[in-house]
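Going from the sequence shown to our numbering is simple: count from 1 and add 129.
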Amino acid sequence: MYRQMFLTCSGKFAAQIIIFLQCFLYHSLSSFAITYKDIKAELGRANVVPDVIDKAPKNDIEIRINGTSIDLGTRLDLNSLIKPPEVLEWEVQRHGMYTLIVTGPDVPSWDEPFEREYMHWQIVNIPGKNYTQGETLVTYVGSQFCCNPGTHRMVYTVWKQPQSKPMNFSEERHIDERTHYLRRACFNTRKFAKKYNMTLWAANFLIAECYIE
130 MYRQMFLTCS GKFAAQIIIF LQCFLYHSLS SFAITYKDIK AELGRANVVP
180 DVIDKAPKND IEIRINGTSI DLGTRLDLNS LIKPPEVLEW EVQRHGMYTL
230 IVTGPDVPSW DEPFEREYMH WQIVNIPGKN YTQGETLVTY VGSQFCCNPG
280 THRMVYTVWK QPQSKPMNFS EERHIDERTH YLRRACFNTR KFAKKYNMTL
330 WAANFLIAEC YIE
């Protein structure tokens, strides 16, 4: 009798735990899931469309910088951007190859962006989301060397390459942190993607704040 009572109570308890976990997961996913509607709205509101790309992609990029998650327009102090993100992920297709492009369309300022787009970072031939295994054409730099005081958008885009094998980018110039910053200026994300027949796959952006006290 006691054994039966124990089994009955255990079963009810297990069922309650399952219901609790289901509710928890449902509300968690509902609260944090970013939809295409969200992406389209925020990219449009910040004029990332059309300043950098023609339309919003269906996917976002998960970015975390100094412990802060970047959610389509998160504001960060310029000094937080000295190092690249510690987390950088996106949805992938099996055997897909991708290109990461990070540019600043507000250089030297939002009102007078005559050096648009400034190239912060570029990695090509990325297998899936393993960007550390890709080919770096432009090493990472933040906004500290190129911007006047004010706010500056830093736009992350991921492009799907047309082939499932590495492509030849030997025509492109390689730029590192020692290269003069002007060689990073006046890049055009659209033209680069069109040249290599890439498809916009994912995007995100942050706003860097630079103020002199």
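Cβ coordinates follow ideal geometry from the N, Cα and C atoms, glycine included.
Asked                                                                                                                             : Found
Under the three-state DSSP convention, the category Arg174 falls into                                                             : helix
Alpha-carbon spacing of Leu210 relative to Ile190, whole angstroms                                                                : 17 Å
For Trp219 and Ala188, the rounded distance between their alpha carbons                                                           : According to the sequence provided, residue 188 is Asn. The question's Ala does not apply to it. One C-alpha to the other measures close to 7 Å.
Nearest-angstrom Cα separation, counted from Glu306 out to Ala185                                                                 : 30 Å
Reduced DSSP secondary structure (H/G/I, E/B, other) of Ile168                                                                    : helix
Cβ pair count under 8 Å reaching 3, the stretch 330 to 339 against the stretch 292 to 303                                         : no
Collapsed DSSP secondary structure at Gln346 in the structure displayed                                                           : Summary: the structure shown does not reach residue 346, with the chain confined to residues 130 through 342, and so no result is reported for it.
Rounded C-alpha distance that separates Ile192 from Val216                                                                        : 5 Å
Neighbourhood of Gly279 by C-beta, 7 Å cutoff - its chain only, sequence neighbours within 5 removed                              : Ser238, Trp239 and Cys339
Whole-angstrom distance between Arg174 and Gly263, CA atom to CA atom                                                             : 32 Å
Minimum length 4: unbroken alpha helix (DSSP H) runs contained in the stretch 279 to 325                                          : 318 to 324
contact_flag[the stretch 165 to 179, the stretch 193 to 201] where n(CB pairs < 8 Å) is 3 or more                                 : yes
Neighbour-count burial assignment, Lys258, 16 or more Cβ in a 10 Å radius                                                         : buried
Min CB distance Gln290 to chain B below 8 Å                                                                                       : No chain B appears in the structure shown, which is made up of a single protein chain.
Option nearest Gln222 by Cα separation, candidates Val284, Pro256 and Arg313                                                      : Pro256
Pairwise C-alpha distance: Leu335 and Lys320                                                                                      : 22 Å
Contacts around Phe153, its chain only, beta-carbon distance under 7 Å, and the 5 residues preceding and following it disregarded : Any answer about Phe153 is weak, because its pLDDT of 40 lies below 50 and its placement is not dependable; what the coordinates show is given next. Excluding sequence neighbours, Phe153 sits near nothing in its chain.
Check whether Thr232 and Thr318 have beta carbons under 8 Å apart                                                                 : yes
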